[in-house]
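Sequential numbering of the sequence shown, starting at 43, is according to the numbering used here.
Ideal placement from N, C-alpha and C gives every residue a C-beta, glycine not left out.
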Amino acid sequence: MHHEWLLLLEVGISIIKHAFHSGITFFDTSDFYGANTNEVLVGKALKQLPREKVELATKFGIVKWDSNGVVVKGTPEYVRSCCEASLNRLGVEYIDLYYQHRIDTTALKQLPREKVQLATKFGIVKLDSNSVIIKGTPEYVRSCCEASLNRLGVEYIDLYYQHRIDTTVPIEDTMGELKKLVEEGKIKYIGLSEASPETVRRAHAVHPITALQIEWSLWTRDIEEEIVPLCRELGIGIVPYSPLGRGLFGGKAVVESVPANSFLVCS
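Rendered as structure tokens:
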């Protein structure tokens, strides 16, 4: 196992170095990835690269994630201990961008709310372990927002996304309710996720859209034809997800480890 780890380490370092010399200078990791080993890998690679030319991001906040759910933590003491540990594993003096990986809602009450940007979503209703429905009626939008405010224990949400578009409800109706929530001070900004260019334009006509979350990677580039130009035109920020193509660019070991019945295979 030790030999295998060294081999994987060597391969990982060579990949990171190749990426850097190909023009990629932003590297994103987490203290949770590989149970800390990913930070060790990135740190060893950085020692062979000019630190001042690399933008390094890592994360804290997930203590455990298993079949029982995710355990998160965000106390000031925990934040500091995680930062010190990440600096040590990475072998660097500073981290360029430090993320809170998941929000500890109990910790929010210990932080200055005005300095925290909080985003959450609505729109996906889970029926059972294998099926969901999409919902975007005005009544549902309001009930979801009220429930999220209550669970988060906050008076307002900075960025509120519609997680998926309900095609059975005119986007103008959904946006109309979101606009009311903005006017009531319950949300500050509105976001959409996985929306078509036409939907984005129609929604933006009701109330300005601040952010669009959508899949974007070397594998999924269709948004570059219409979505990206449209967002530039309207001044909407793009929040991409799955930049590694849902694991496609994670290498053979990652691809082969995906179960045959996984949605990643089916999609």
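- In this structure, the beta-carbon distance from Thr147 to Pro180 does not fall below 8 Å.
- In the same chain as Asp70, and ignoring 5 residues on each side of it, the C-beta atoms closer than 6 Å to its own belong to Ala99, in chain order.
- Between Pro285 and Ile137, the alpha-carbon positions lie close to 21 Å from each other.
- Restricting attention to His205, Ala77, Gly85 and Ile213, the CA atom closest to the CA of Lys59 is found in Gly85.
- Per DSSP, the unbroken beta strand (DSSP E) holding Ile175 starts and ends at Ser173 to Ile176.
- Here Glu214 is exposed: its Cβ has fewer than 16 other Cβ atoms, across all protein chains shown, within 10 Å.
- In the structure shown, Phe74 adopts coil according to DSSP, grouped into three states.
- With a cut-off of 8 Å on Cβ pairs, the segment 224-235 is in contact with the segment 246-260, counting three or more such pairs.
- Within the same chain, Ile207 come within 6 Å of Ala237 by CB-CB distance, once the 5 residues on both sides are set aside.
- If you draw a straight line from the Cα of Ser185 to the Cα of Ser173, it comes to about 21 Å.
- Fewer than three Cβ pairs drawn from the segment 125-136 and the segment 105-114 lie within less than 8 Å of each other, which leaves the two stretches out of contact.
- Pairing Ile66 with Gln142, the inter-Cα distance amounts to about 23 Å.
- Note that the C-beta distance between Leu91 and Phe68 is not below 8 Å.
- Buried is the label assigned to Glu81, since at least 16 other Cβ atoms lie within 10 Å of its Cβ.
- When Tyr120, Val114 and Cys187 are compared, the shortest CA-CA separation from Glu219 is found for Cys187.
- In the DSSP assignment, Pro282 is bridged to Ile256.
- Here the alpha carbons of Val167 and Ser72 stand approximately 29 Å from one another.
- Inclusion of Glu266 and Pro239 in the CB contact set at 8 Å is not warranted, their separation being larger than that value.
- For Ala61, the secondary structure class from DSSP, reduced to helix, strand or coil, is helix.
- Exclusion of the five residues before and after Ile199 leaves Leu160, Ala161, Thr162, Cys187, Ser190, Leu191, Lys228, Ile229 and Lys230 as the residues of its chain whose Cβ lies within less than 8 Å of its Cβ.
- Scanning the segment 121-196 from its first residue to its last, the whole beta strand (DSSP E) runs of 3-plus residues come out as 139-142, 161-164, 166-170 and 173-176.
- Residue state for Thr79 is assigned as helix, using DSSP reduced to three classes.
- For Gly178 and Gly277, the gap between their C-alpha atoms comes out near 24 Å.
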